[in-house]
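Student: Chains F and E, in that order, give the protein sequences. Quick note on the working numbering: the first sequence kicks off at 9 and runs consecutively. Quick note on the working numbering: the second sequence kicks off at 2 and runs consecutively. Note that beta-carbon positions come from the ideal geometry of N, C-alpha and C, so glycine has one too.
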Amino acid sequence: MANFILRKAEPKDVSDILRLIKELAKFEEMEEQVVLTEKELLEDGFGDHPFYHCVVAEVPGDKQSIEGYTVVGFAMYYFTYDPWIGKLLYLEDFYVMKEFRGYGIGSEILKRLSETAVKARCSGMHFIVAEWNTSSIEFYKRRGAADLSHEEGWRLYEIDKRNLIKMTSK
Amino acid sequence: MKFNICAAKPEDCKDIARMIMELAVYEKMPDQVKISYKELEKDGFGPNPFYQCLVAEVPEEHKSKDGHTKVGYALFFYTYSTWKGRTVYMEDLYVMPEYRGKGMGKALMATVAKVAKEQHCVRLQFSVLDWNKPSLDFYLSKGAEDLTAKEGWHFLRFHGIALDNLAQEAP
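(1) May I have a chain-ordered list of the beta strand (DSSP E) segments no shorter than 3 residues that lie completely inside the stretch 45-98 of chain E?
(2) Give me whichever residues DSSP pairs with F/MET84 in a beta bridge.
(3) In whole angstroms, give me the CA-to-CA distance for E/PRO172 and F/SER122.
(4) Step through the CB atoms of chain E and report whether any lies within less than 8 Å of the CB of F/THR142.
(5) How long is the line joining the alpha carbons of F/VAL43 and E/LYS85, rounded to whole angstroms?
(6) By the 8 Å beta-carbon criterion, what residues does the stretch 72-104 of chain F contribute toward chain E?
(7) Work out the CA separation of F/GLU107 and F/ALA138 for me, nearest whole Å.
(8) Compute the distance between the beta-carbons of E/ASP138 and F/PRO91, then report whether it is under 8 Å.
(9) Using 8 Å as the threshold, is the stretch 139-155 of chain F in touch with the stretch 112-123 of chain E, meaning 3 or more CB pairs across them?
(10) Determine the chain E residues that contact F/ALA65 at a beta-carbon separation under 7 Å, and present them in chain order.
(11) Quick check: is the beta carbon of F/ARG15 nearer than 8 Å to any beta carbon in chain E?
(12) Residues of the stretch 109-139 of chain F in Cβ contact with chain E at a cutoff of 9 Å, in chain order, please.
(13) What do you reckon, is the C-beta of E/LYS64 under 7 Å from a heavy atom of the ligand PLP?
(14) Are the CB atoms of F/GLY152 and E/ALA168 within a distance shorter than 8 Å?
(15) The alpha helix (DSSP H) with F/ILE29 in it runs from where to where?
(16) Measure the beta-carbon distance from F/ALA65 to F/PHE54 and round it to whole angstroms, keeping in mind my assumption that it falls under 8 Å.
(17) Using a C-beta to C-beta distance shorter than 7 Å, which residues of chain F count as neighbours of E/SER128?
(18) Go to F/HIS158, then tell me how far its alpha helix (DSSP H) extends in each direction, as first and last residue.
(19) Please compile the residues from chain F whose C-beta is within a distance smaller than 7 Å of the C-beta of E/ASN5.
(20) Quick one: give me the first and last residue of the beta strand (DSSP E) that E/ARG101 is part of.
(21) Does F/GLY152 have its Cβ less than 8 Å from a Cβ in chain E?
(22) So, are the CB atoms of E/THR80 and F/TYR86 less than 8 Å apart?
(23) For E/PHE127, does the three-state DSSP call read helix, strand or coil?
(24) Taking buried to mean at least 16 other C-beta atoms within 10 Å of its own C-beta, is E/THR149 buried or exposed?
(25) Quick one: residues in its chain with C-beta nearer than 7 Å to the C-beta of F/GLU116, no 5 flanking neighbours on either side, listed in chain order?
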């Protein structure tokens with residue numbers, strides 16, 4: 009099946025995007041952590057100040073999934089900043105439905121994103137991967153990605169809302 | 002010691018660039034700094050800012066040995082979690098060594114947290130080098146969690162030639 013298109017996500021895509029986000033979270037064994045709603049996705053991606061950009065992969069009607077979906081993959085990204093090298097493209101989520109893998113959709117999405125990064129004069133594309141996700145790590149490393157946690161010792165930290173509020177009130 | 006935390010202005014970029022280099026030296030990676038105050042000005046104060054920055058300033062009478070009054074900074078931007086929504090990512094937090102222990106780091110981070118709250122962000126994320134014990138201790142005391150340890154997340158990167166090669170394959 010060579011037949012698919014990649015396009016910029018539109019407001020009408022938010023329910024498909026949320027569905028795919030939940031599928032990816034399930035794969036990452038953290039499905040219960042998805043609290044985002046369609047309403048927030050709509051406001052945050054298509055409002056006055058977009059917090060993210062999204063690309064979706066769509067197949068024709070006659071190639072729809074078992075449950076009848078034509079939006080079968082997505083990538084969500086935004087621009088970040090490294091004070092050493094400048095603008096970066098940060099890949100937040102990247103997912104293709106299982107029944108549509110092996111047709112080059114993932115590769116095309118990644119190529120499109122890297123083209124976007126180069127056009128926007130970004131110095132690099134960053135993302136995180138769970139260390140047990142060896143198939144994804146191999147996919148990225150085959151394409152030249154470097155593991156900065158391994159090579160330079162970077163560890164990801166987080167302060168949640170409760171502790172954020174505590175910090176502001178001290 | 003009295004100090005002030007305020008939003009950075011374009012004219013602060015030279016001081017911010019100076020402190021970025023100081024932090025890179027501390028992180029043992031000074032040769033990786035490729036941009037100057039000019040890019041910082043363009044990228045932070047143009048029509049489409051790629052980052053926000055706070056600066057810690059002391060009065061003249063407390064200026065540093067080299068005559069600086071801008072003695073700390075926090076550089077951050079908004080990111081997005083497909084699970085939880087709006088997030089603030091704190092890219093850099095730094096206070097010059099001679100001004101540490103006076104509450105400036107805490108005040109800078111609390112101000113970032115305040116901005117995060119005002120923008121309805123649900124969390125603050127940042128990364129720390131695994132050997133950087135003083136910083137790790139500081140963050141842990143504020144309730145930070147190591148997600149690399151807890152959930153196994155690793156940072157990956159497509160950079161330079163690898164990025165160009167990938168882009169060249171685009172149809």
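Tutor: Concretely, from the data shown:
(1) 53-58, 71-82 and 86-96
(2) F/CYS62 and F/ASP101
(3) Low local confidence applies: a pLDDT of 49 at E/PRO172 is under 50, so the model's placement there is unreliable, and no value is given.
(4) no
(5) 5 Å
(6) MET84, TYR86, PHE87, THR88, TYR89, ASP90, PRO91, TRP92, ILE93, GLY94, LYS95, TYR98, GLU100 and ASP101
(7) 22 Å
(8) no
(9) no
(10) The contacting residues do not exist; F/ALA65 stays about 13 Å from chain E at best.
(11) no
(12) SER115, GLU116, LEU118, LYS119, ARG120, LEU121, SER122, GLU123, THR124, ALA125, VAL126, LYS127, CYS130, SER131, GLY132, MET133, HIS134, PHE135, ILE136, VAL137, ALA138 and GLU139
(13) Although the ligand PLP was asked about, the structure shown includes no ligands whatsoever.
(14) no
(15) 22-35
(16) Not a contact, Cβ separation roughly 19 Å.
(17) TRP162, ARG163, LEU164 and TYR165
(18) 156-160
(19) None at all; the shortest Cβ gap to chain F is about 18 Å.
(20) Where E/ARG101 is concerned, there is no enclosing beta strand (DSSP E), given that its DSSP letter is neither H nor E.
(21) yes
(22) yes
(23) strand
(24) buried
(25) LEU14
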